[in-house]
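J.: Chains as they are written, first to last, in the numbering used here: chain A, -15 to 445; chain B, 3 to 101; chain C, 207 to 572. We put the beta carbon where it would ideally sit given N, CA and C, even for glycine. Note that the structure is a prediction, hence the values are computed from the model and not measured.
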Amino acid sequence: MNSAEYDIVIIGAGPAGISAAILADQHKASALVLDENCAPGGQIYRAIEKNQNNDNEWLGQGYQDGLPLVETFRRSRVNYQHSAKVWHLSNTKMVHYSVNGKSHSVQGRQILIATGAQERPFPLPGWTLNGVMSAGAAQTLLKESGVVCEDAVFVGTGPLLYLIAHQYISAGIPIKAIIDTTPRSNYLRALRHSFGALKNTKSILQGWRWKREIIKSGTLYISNLGDVRINGPDSVTSVEYFQKGKWKNISCKHVFLHQGVVPEINTSLSVGCDKSWNEKQACWTIDVDQYGQSSIKGISIAGDASSIAGGVAAAQRGSIAALNMLYNLSLISSSDKEVLLKPFKKKLDKEMIARSFIDTLFKPHLRYRVPQDSETIVCRCEEVTLVQIQESIDLGCKGPSQLKSFTRCGMGPCQGRLCGLSVTEILSKELGTQEEQVGYYNIRPPIKPVTLAELASSDEP
Amino acid sequence: MFRSINSSQGALITIYFEGKALNVSKDCNVATALLEAGINNFRETTLNNASCGPYCMMGVCFDCLININGLDNQQSCTIQVSDGMKIKRQVINALGKDE
Amino acid sequence: MNDFDTIVIGGGLVGASIAYGLSRSGQKVAMFDEGDNSIRAARGNFGLIWVQGKGVNCPAYAAWTRQSAQQWSDFSKELSKLTGIDLAFEQNGGFDFCLNEAEFKQRRTLMEKIHSNSQDNFSFEMFNNEELKQLLPSIGPTIAGASFSKLDGHVNPLYLLKALHKAFKKLGGKLITQTVTDINYINKAFKISTEMDEHTSEKVVLAAGFSNKSLAPKVGLSVPVYPQRGEILVTEKVKSFLHHPTGFVRQTLDGGVMLGDSHEDVGFDEGTNMNEIQQIAKRAIAIFPCLEKVKMIRAWGSLRILTKDGLPIYDHSDSCPGAYAFSSHSGVTLSAVHALDVASCIAKDGLLPLSLACFSAKRFDV
């Protein structure tokens, strides 16, 4: 059976993916967009169509800005398959995906990976207790279903944390406490980048506004602290933090954690794209050129899937990648490409000015990235603790693959997404080796779990 | 305590959790529906028998696995509710502990 | 005065079993192992302790395999006691499925041949589909039957490797994570060089997998091996339904199901091939239809270290007495005899067990 063939197959319907799709359509390329969610928008513009008739300006202007983009995407003639889980991308540009338990495959002449970001792991003692979720989860519940959680404690750092707190406060939802783990020293360091950042004052001002609003609202706001732990024993009963020489306790049943987002790299790594360690952002990024072209010919990456720069930057990078792919497909000329790229490049450059400032200010402290409490669970899926990892390092494990063999760390269904970064950093600190040398798990297909029945019946690769 | 802030939930359907009927918005995923109904404890972890529920709500963490219509390991945050759906807590115990 | 009594080159299942066994026999041992991204056959193992079907044309191999399987239970207890690691060892008999009637007939003939050649009365049983259903209720209707041997079992191969390393360390063994670049035989001792260092020993054991090929000539030996890829799929954890190991499917104690296998000639490529994965999935569903809706969460390719005739190599150098080269693709099954028998012979008088004489690589010189 012949698979369908497209000029461009786009994985992900967030701002990068749909921007690329719009351009593909404009220049008469055949394109297919595959996305896991049931509606376009990715995470940042999640459920934006559903919310357009609601009175929800408190969701923030940044959110509303996504609506025109999604509407333009809907109006295009691009093929769009929602609720699709891509489970394999071959280096011959064949994409296998699953919809409702049935597998399909398509051949792309060019592939765009636009799978976006995921939350950075936050391995605090007790982070796996029932009742702990990510701040992104709080956002999703709010955007998609108008569901909120009263009297929760929010812990962490980063724009998303302030955003969700702002949204809750605006909507009158009581917050038990906000524990801000932004290291005090980050403020001074970030000031060094502020000259450039002042050119992009909009987002900086917005951040300060939210912070002031939190303090004005009377919500318990804690900053300048040390270690944090969440207590159970079975589900959350309290959050404790160390400040001024002693442990302080806040009783609660729900905790939302957040310390920034990192690229979702598994899709790119599964097909063999090169990666690098980014020290400033303390995460892995996928190597791409100025057009998003990866180390594998015909496979490009746009948006937060290669490196974090936010939703607006993602839309520009999606457009830039699309124009380059259209040129690769000989659908536009080289001179046309240069002309068409200009506005997107300009807007992207503007977005990137504040990036250093944001990255420096919100870089999580090492103590929250590399746990010290030996009972802290590092691999959630397989329930592997720090002490088990340390024992394996003692036995001679020099990297993530050996660690996987000895502890099962990274062998669960999340395929290392929630432990991989922690493992790289733990090994780096314990062995005194650079993260780039330590490496990451060997990522293999499937990109997401897929049933044996689907595997058995999938088209020839 | 999860609750909805929408004035209306839109059309409602009936799903069942451990045999108990729940009226939920037809336009949401299973994890959200259960959280809103006050259900947090979706499964027991295999090794430590700890109670476990959703963490990321975006299909990345696989903590929200639950039994839907007889099938284990269903990622409840990526599956839409449907009328008559039968949901059960998932308990898959290891035959023996590895260490 | 040498640095060590014996240096073992290779920290995989063969190397670590020998190294542990030597330490256990009271020797001062160093084990050399490479870094995280080296080709590690030991990491790709299915985990079977498998006796049935082995050595149909070589009764000595069949006997050697059975000898190991018979010692495995005590071996597992010994390692667990020493290290506190549960190897997830089970030896309640294994099934090898026959997917159609022709295969069933062939298998019966093969097993009868092994039985008649065995000195210790190797026993086996053949079950047709109806009989299988009594023992394995989940068996699929198209499966003709299976052969069964009560000596077959399984273990967590990664925990076995971990336990061997831990036990080795506990008994005073030294792990050196460096690549060996040279071996020299000088004054009845061996000098092992790496990029950083040199160490001397009275004896040296080459158990370095594919690296044996280039190291062996340095001590007057030859290890002609070539890679053959096998792929394995692992599923999410599911409720326990399979309590015996089988040739293509085994459920581990923590609930995941491992599915194999393939035999691919792809050089040193440890990747995966969708065609092969598809075949493995199809076969697994035919054997246990209940696996249809179960999801695969990992797949990998691993390289078997094979000789032309599929039999192991156990060699002792004539030109450099005290140098040994071992190669086997059944590192799990033979771990017990490697640690208990081979290692103790080396430690005692340096002579390999007589039963291993036929496994010298000289057999390839004909």
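Run down chain A in chain order and give the residues with a C-beta less than 8 Å from the C-beta of B:E38.
T.: Position 36 of the second sequence holds residue 38 of chain B. Those are S129 and V131, listed as they occur along chain A.
J.: Between the Cα of A:I97 and those of A:S376, A:G26, A:V137 and A:Y205, spot the shortest distance and give me the residue it belongs to.
T.: Counted from its first residue, the first sequence places residue 97 of chain A at position 113. Among A:S376, A:G26, A:V137 and A:Y205, the Cα nearest to that of A:I97 belongs to A:G26.
J.: Step through the CB atoms of chain A and report whether any lies within less than 8 Å of the CB of C:G241.
T.: The residue given as residue 241 of chain C occupies position 35 in the third sequence. True, the Cβ-Cβ gap to chain A drops below 8 Å.
J.: What is the C-beta distance between C:S274 and C:L540, in whole angstroms, given that I count them as a contact (C-beta under 8 Å)?
T.: Residue mapping note: residue 274 of chain C aligns to position 68 of the third sequence, counting from 1. Residue mapping note: residue 540 of chain C aligns to position 334 of the third sequence, counting from 1. C:S274 to C:L540, Cβ: 5 Å. Contact.
J.: Along chain C, which residues have their Cβ under 8 Å away from the Cβ of A:H88?
T.: Taking the first residue of the first sequence as position 1, residue 88 of chain A is located at position 104. In chain order: nothing, as chain C lies at least about 14 Å away.
J.: Beta-carbon of C:V257 versus every beta-carbon of chain B: anything under 8 Å?
T.: Here the question's residue 257 of chain C lines up with position 51 in the third sequence. Taking Cβ atoms only, chain B never reaches closer than 8 Å to C:V257, which makes this a no.
J.: Count the other C-beta atoms from every protein chain shown that fall within 10 angstroms of the C-beta of C:M207, then say buried if there are 16 or more, exposed otherwise.
T.: Along the third sequence, read from residue 1 onward, the residue named residue 207 of chain C stands at position 1. Answer is exposed; the Cβ neighbour count stays below 16.
J.: For C:V431 and A:A119, what's the separation of their Cα atoms in angstroms?
T.: Reading the third sequence from its first residue, position 225 is the one you call residue 431 of chain C. Reading the first sequence from its first residue, position 135 is the one you call residue 119 of chain A. Taking the straight line from one Cα to the other gives about 54 Å.
J.: Could you please give the first and the last residue of the uninterrupted beta strand (DSSP E) stretch that includes A:K259?
T.: Counting from 1 along the first sequence, the entry for residue 259 of chain A is found at position 275. K259 to N262 is the span of the beta strand (DSSP E), which, as asked, contains A:K259.
J.: What does C:K368 reach in chain A if we use C-beta pairs closer than 8 Å?
T.: The residue given as residue 368 of chain C occupies position 162 in the third sequence. S376, L379, S389 and F390, listed in chain order.
J.: Excluding the 5 residues flanking B:S6 on each side, which residues of the same chain have their C-beta closer than 7 Å to its C-beta?
T.: Numbered from 1 along the second sequence, position 4 holds the residue referred to as residue 6 of chain B. The residues are E38.
J.: Which of the three DSSP states is assigned to C:A395 in this structure?
T.: Residue mapping note: residue 395 of chain C aligns to position 189 of the third sequence, counting from 1. Correct three-state label for C:A395: strand.
J.: Just verifying my parser: in three-state terms, what is the DSSP assignment at A:I410?
T.: For the purposes of this step, residue 410 of chain A is taken as residue 426 along the first sequence, with counting starting at 1. A:I410 falls in the helix class under three-state DSSP.
J.: Measure the Cβ-Cβ separation of A:S303 and A:V362 and say whether it is below 8 Å.
T.: On the first sequence, residue 303 of chain A is found 319 positions in, with the first residue counted as 1. On the first sequence, residue 362 of chain A is found 378 positions in, with the first residue counted as 1. No, Cβ-Cβ distance for A:S303 and A:V362 is not below 8 Å.
J.: Mind pulling the chain A residues with CB within less than 7 Å of C:Q484?
T.: Sequence index remark: in the third sequence, residue 484 of chain C carries index 278 (1-based). Here the neighbours are L439, A440 and S442.
J.: Comparing C-alpha positions only, which one of A:A338, A:N312, A:A305 and A:P247 sits nearest to A:E329?
T.: Translated into the one-based positions of the first sequence, residue 329 of chain A becomes position 345. The identity of residue 329 of chain A in the sequence shown is Lys, whereas the question assumes Glu. Looking at the Cα atoms, A:A305 is the closest of the given residues.
J.: Give a yes or no on whether 8 Å exceeds the smallest Cβ distance from A:R61 to chain B.
T.: Mapped onto the first sequence, residue 61 of chain A falls at position 77. Not one chain B Cβ lies under 8 Å of A:R61.
J.: Assign A:I157 to one of three DSSP states: helix, strand, or coil.
T.: Here residue 157 of chain A corresponds to residue number 173 of the first sequence, with the count starting at 1. Residue state, collapsed to three classes: coil.
J.: With C:I438 and C:G466 assumed to form a contact (beta carbons below 8 Å), what rounded beta-carbon distance in angstroms separates them?
T.: As a first step, residue 438 of chain C is located in the third sequence; it is residue number 232 there, counting from the start. As a first step, residue 466 of chain C is located in the third sequence; it is residue number 260 there, counting from the start. Going by Cβ atoms, the distance from C:I438 to C:G466 rounds to 5 Å, so yes, they are a contact pair.
J.: Applying a beta-carbon distance threshold of less than 7 Å, which residues of chain A neighbour C:K488?
T.: Here residue 488 of chain C is taken as the residue at index 282 of the third sequence, counted from 1. A440, listed in chain order.
J.: Would you please verify whether the beta carbon of B:D74 is less than 8 Å from any beta carbon of chain C?
T.: Numbered from its first residue, the second sequence carries residue 74 of chain B at position 72. Yes, because at least one Cβ of chain C sits closer than 8 Å to the Cβ of B:D74.
J.: Could you check what DSSP says for C:T406 in three-state terms: helix, strand or coil?
T.: Along the third sequence, one-based indexing puts residue 406 of chain C at 200. The answer is strand: DSSP assigns C:T406 an E or B state.
J.: Using a Cβ distance threshold of 8 Å, determine whether the stretch 332 to 343 of chain A contacts the stretch 29 to 36 of chain A, with at least three qualifying pairs required.
T.: Flag = no, the stretch 332 to 343 of chain A and the stretch 29 to 36 of chain A do not touch.
J.: Just the Cα atoms here: how many angstroms apart are C:S550 and C:D571?
T.: By one-based count along the third sequence, residue 550 of chain C stands at place 344. By one-based count along the third sequence, residue 571 of chain C stands at place 365. Cα to Cα, C:S550 sits roughly 29 Å from C:D571.
J.: Return the residues of the stretch 382 to 402 of chain C that lie within a Cβ-Cβ distance of less than 8 Å from chain B, sorted by chain order.
T.: Residues: none.
J.: Sorted by chain position, which residues of the same chain lie with C-beta nearer than 7 Å to C:V472's C-beta, five sequence neighbours on each side aside?
T.: Residue 472 of chain C sits at position 266 when you count from the first residue of the third sequence. Contacts found: R435.
J.: Between C:L377, C:I493, C:T441 and C:V429, which has its C-alpha nearest C:L517's C-alpha?
T.: Position 311 of the third sequence holds residue 517 of chain C. Closest option to C:L517, Cα to Cα, is C:V429.
J.: So with CB distances below 7 Å, who are the chain A contacts of C:T478?
T.: What you label residue 478 of chain C is simply residue 272 of the third sequence in a count that begins at 1. What C:T478 touches in chain A: R428 and P429.
J.: Taking CB distances under 8 Å as the criterion, tell me whether C:K376 reaches chain B.
T.: Along the third sequence, read from residue 1 onward, the residue named residue 376 of chain C stands at position 170. Output row for C:K376: interface = no.
J.: Output yes if chain C places a C-beta closer than 8 Å to the C-beta of A:M(-15); else output no.
T.: Here residue -15 of chain A is taken as the residue at index 1 of the first sequence, counted from 1. The predicted position of A:M(-15) is uncertain, since its pLDDT is 41 and thus under 50; a value taken from the coordinates is nonetheless stated next. Judged by the 8 Å Cβ criterion, A:M(-15) is not in contact with chain C.
J.: Give the DSSP bridge partners of A:Q94, in chain order.
T.: Residue mapping note: residue 94 of chain A aligns to position 110 of the first sequence, counting from 1. DSSP lists A:I(-8) as partners of A:Q94.
J.: For A:Y425, which of helix, strand or coil comes out of DSSP?
T.: Position 441 of the first sequence, counted from the first residue, corresponds to residue 425 of chain A. Here A:Y425 sits in coil by DSSP.
J.: Taking a cut of 8 Å between CB atoms, which residues from the stretch 50 to 75 of chain A lie near chain C?
T.: The stretch 50 to 75 of chain A vs chain C, Cβ under 8 Å: H72 and S74.
J.: Pairing CB atoms from the stretch 382 to 394 of chain A with CB atoms from the stretch 411 to 421 of chain A, are three or more of them under 8 Å?
T.: The stretch 382 to 394 of chain A vs the stretch 411 to 421 of chain A: in contact.
J.: For C:S420, count neighbouring C-beta atoms within 10 Å of its own C-beta (all shown protein chains included) and say buried if the count is 16 or more, exposed if not.
T.: Taking the first residue of the third sequence as position 1, residue 420 of chain C is located at position 214. Exposed: under 16 other Cβ atoms inside 10 Å.
J.: I need the DSSP call for C:Y432, collapsed to helix, strand or coil.
T.: Within the third sequence, the letter at position 226 stands for residue 432 of chain C. The answer is strand: DSSP assigns C:Y432 an E or B state.
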